[in-house]
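A.B. asks: I am attaching a structure below and will ask some questions about it afterwards.
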Amino acid sequence: MSLLEGKRVLILGLANDKSIAWGIANVMKEQGARLAFSFLNEALAKRVNPLSDEIGGEFTFELDVCNEEHLENMKNIVKEKWGQVDVIVHSLAFSDKEDLKKRFSETSRDGFKLAHDISAYSLISTCNVLKEVMAPDCSVMALTYHGSVKVLSGYNVMGVAKASLESSMRYLADDLGPEGIRVNCISAGPIRTLAASGVPGLKGFLKDVEEKAPLRRNVTQEDVGGVACFLASKLANGVTGQVIYVDSGISILGA
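Under this note's numbering, think of the first position of the sequence shown as 8, with each following residue one higher.
Listed below in structure tokens is the structure:
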């Protein structure tokens, strides 16, 4: 039997076929998972719906995590289509590009709020609204980045938002653990995605990993997908509240 045979997986934040979420979806599908995807708006639906059709997704739905009605609708759709959800993949992050170009001390108040609302609070709100439809052994995972714990030039407010995401993950793991729900983060190395393209210095980050990381290569979507499958499966039943690095080992190195 495949690792995720029959598991109902909700993937939030797929943007296109370069997304880490797409790599996760492909590996999970290979392991027998049933998939559903969110899209932010009608413009992104034109990208997400064909990908869902291509991979055999069971349904898609609109989700703006700043919209309470959308969150409630997500729960209702899951209840109607599946009854329960076994795995939730949180691949949602956003910041104003202008706040990535400025000095960090010049981060705007609105930009700070926006980055935290979409990139961190959305994990809390998603878990809260989906609690009643989570399977007893539900696995929740969120994508993060090493800029949460180390200063990476140009990552700015996103680094602070990712730190908030990771802390939120730990508190959610403690809160939901008694119900058998596990919550973890995957910290992927730099990958050329739509979201990463807005980060100044991405080429330099990729070059550093290739030249300095212990494995001397950049990670792939599939590398991240493999770890996501592990976290989604019974093999990780004792793992919660953790940040798992998939970065060719670059995070272990000193300055």
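Built from N, CA and C at the ideal position, the CB exists for glycine as well.
So, are the CB atoms of Ala180 and Thr247 less than 9 Å apart?
C.D. replies: Pairing Ala180 with Thr247 gives a Cβ-Cβ distance under 9 Å.
A.B. asks: Terminal residues of the continuous alpha helix (DSSP H) containing Ala32?
C.D. replies: Ile27 to Glu37
A.B. asks: Taking Cβ to Cβ, would you say Met176 is nearer than 9 Å to Val94?
C.D. replies: no
A.B. asks: Please report the straight-line C-alpha distance between Leu17 and Ile259, rounded to a whole angstrom.
C.D. replies: 32 Å
A.B. asks: To test your reading of the DSSP string, which unbroken beta strand (DSSP E) runs of 3 or more residues are found completely within the stretch 44-96?
C.D. replies: 66-69
A.B. asks: Using 9 Å as the threshold, is the C-beta distance between Gly30 and Thr151 below it?
C.D. replies: no
A.B. asks: For Asp124, which of Gly161, Ser102 and Ala50 has the nearest alpha-carbon?
C.D. replies: Ser102
A.B. asks: Taking the alpha-carbon positions, what's the Gly161 to Lys108 distance?
C.D. replies: Gly161 and Lys108: Cα-Cα distance of roughly 7 Å.
A.B. asks: Give me the residue from Arg41, Gly196, Ala220 and Leu209 with the minimum Cα distance to Ser59.
C.D. replies: Arg41
A.B. asks: By the 10 Å Cβ neighbour count, where 16 or more other Cβ atoms means buried, how is Arg116 classified, buried or exposed?
C.D. replies: exposed
A.B. asks: Considering Met148, what are the terminal residues of the beta strand (DSSP E) in which it resides?
C.D. replies: Met141 to Thr151
A.B. asks: Please tell me whether Cys192 and Leu172 are closer than 9 Å, where the distance is taken between their beta carbons.
C.D. replies: yes
A.B. asks: Which stretch, first to last residue, makes up the alpha helix (DSSP H) that contains Ile131?
C.D. replies: Ser129 to Leu137
A.B. asks: Would you mind working out which of Ala149, Asn163, Ala170 and Met148 sits nearest Ser155, comparing C-alpha positions?
C.D. replies: Ala170
A.B. asks: Mind checking which residues open and close the alpha helix (DSSP H) that includes Ser174?
C.D. replies: Following the DSSP letters along the chain, one finds Ser174 inside the alpha helix (DSSP H) bounded by residues Asn163 to Leu183.
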